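Worksheet for the structure shown next.
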Amino acid sequence: MRTARRRHLLDIDTFIAWEDQQPEKHQLVGGEVYAMVGGALAHAAIALNMAVALRNRLRRPCQVFVSDVKVRVDAASSVYYPDVVVSCAGQDMRGTVLRDPVLVVEVLSPGTAAFDRMKKRADYATLPSVRYVLLVETEERLVELDRREGGDWLRETVTGEGRLDFPELGVSLDLDEIYGG
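Oh and the sequence shown: position 78 is 71 in the numbering used here, straight run, nothing missing.
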């Protein structure tokens, strides 16, 4: 005879309170908790390059945050740690959850690329404040840029010597800056 196991799903507030006390990082995906693992050196370098390039160009009130801040996605019962995220809303700098992200960057790893493309990209798009979602490859010079225009999402693939434009932020970045030349 088979028995069904009942899953215990966490709500977002319970997860955040618990996770803030943990020594390791976790993500909440659809109410389920998953431990996070570290990335390769290329992943870390690309994320840092992206954060620095954005930080050097953005003006207040916009701020750039790296992978230690959470983004809450209520519609998906999820909480993620994007690799880079920009917010132009005032933040409680004592908090761990970013309010109103405008731009979200996920640097792809072989083990998480499918999840990032299918689930995270769709979840970030449910946030009314998000205007740009970027998925950045580590194995080749390729960035998938999703841009909200009105009520629609447009996808652009930027490769080689291409340039990323973020008109609502008044910023453009060359792929050379992201990939280190």
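Backbone N, C-alpha and C fix where the C-beta goes; we use that ideal spot for every residue, glycine too. A quick note: this is a predicted structure, and the numbers were derived from the prediction, not measured.
What residue does the alpha helix (DSSP H) around residue i start on, and which one ends it?
| i | result |
| --- | --- |
| residue 147 | Premise fails: residue 147 lies in the beta strand (DSSP E), 145 to 152, not in any alpha helix (DSSP H). |
| residue 172 | 168 to 172 |
| residue 6 | 5 to 12 |
On the criterion of 16 or more Cβ atoms from any shown chain inside 10 Å, does residue i qualify as buried, or is it exposed?
| i | result |
| --- | --- |
| residue 54 | exposed |
| residue 71 | buried |
| residue 32 | buried |
| residue 27 | exposed |
| residue 12 | buried |
| residue 89 | exposed |
| residue 75 | buried |
| residue 116 | buried |
| residue -1 | Only weak support exists for where residue -1 lies, its pLDDT of 49 falling under 50; the value from the coordinates is given anyway. With fewer than 16 Cβ atoms within 10 Å of its Cβ, residue -1 is classed as exposed. |
| residue 140 | buried |
| residue -3 | Any reading at residue -3 is ruled out, since the residue's pLDDT is 46, under 50, leaving its predicted position unreliable. |
Under DSSP, the beta strand (DSSP E) around residue i begins and ends at which residues?
| i | result |
| --- | --- |
| residue 133 | Where residue 133 is concerned, there is no enclosing beta strand (DSSP E), given that its DSSP letter is neither H nor E. |
| residue 25 | 25 to 28 |
| residue 36 | No beta strand (DSSP E) contains residue 36, which is instead part of the alpha helix (DSSP H) from 34 to 50. |
| residue 20 | 19 to 22 |
| residue 157 | 156 to 159 |
Which whole-angstrom value is the C-beta distance of residue i and residue j, which I expect to be below 8 Å?
| i | j | result |
| --- | --- | --- |
| residue 128 | residue 162 | In fact, because the Cβ distance is near 18 Å, the residues do not count as touching under 8 Å. |
| residue 65 | residue 80 | Residue 65 to residue 80, Cβ: 12 Å. No contact. |
| residue 82 | residue 119 | In fact, because the Cβ distance is near 17 Å, the residues do not count as touching under 8 Å. |
| residue 156 | residue 147 | Rounded, the Cβ-Cβ distance is 16 Å, inconsistent with contact. |
| residue 51 | residue 77 | At roughly 12 Å, the Cβ-Cβ gap does not stay under 8 Å, so residue 51 and residue 77 are not in contact. |
| residue 15 | residue 73 | With 8 Å as the limit, residue 15 and residue 73 do not qualify as a contact, their Cβ atoms being about 15 Å apart. |
Does the Cβ-Cβ distance between residue i and residue j come in under 8 Å?
| i | j | result |
| --- | --- | --- |
| residue 151 | residue 138 | yes |
| residue 60 | residue 38 | no |
| residue 29 | residue 98 | no |
| residue 95 | residue 114 | no |
| residue 182 | residue 172 | Residue 182 falls outside the range modelled here, since the chain spans only -6 to 174, and no answer is possible. |
| residue 2 | residue 17 | no |
| residue 168 | residue 154 | yes |
| residue 35 | residue 131 | yes |
So with Cβ pairs under 8 Å, would you call residue i a contact of chain D?
| i | result |
| --- | --- |
| residue 91 | Considering every chain present, this structure includes no chain D. It has just one protein chain. |
Exercise. At which residue ranges does the stretch 53 to 132 contain complete alpha helix (DSSP H) runs of 4 or more residues, listed in the order of the chain?
Worked result: 114 to 118
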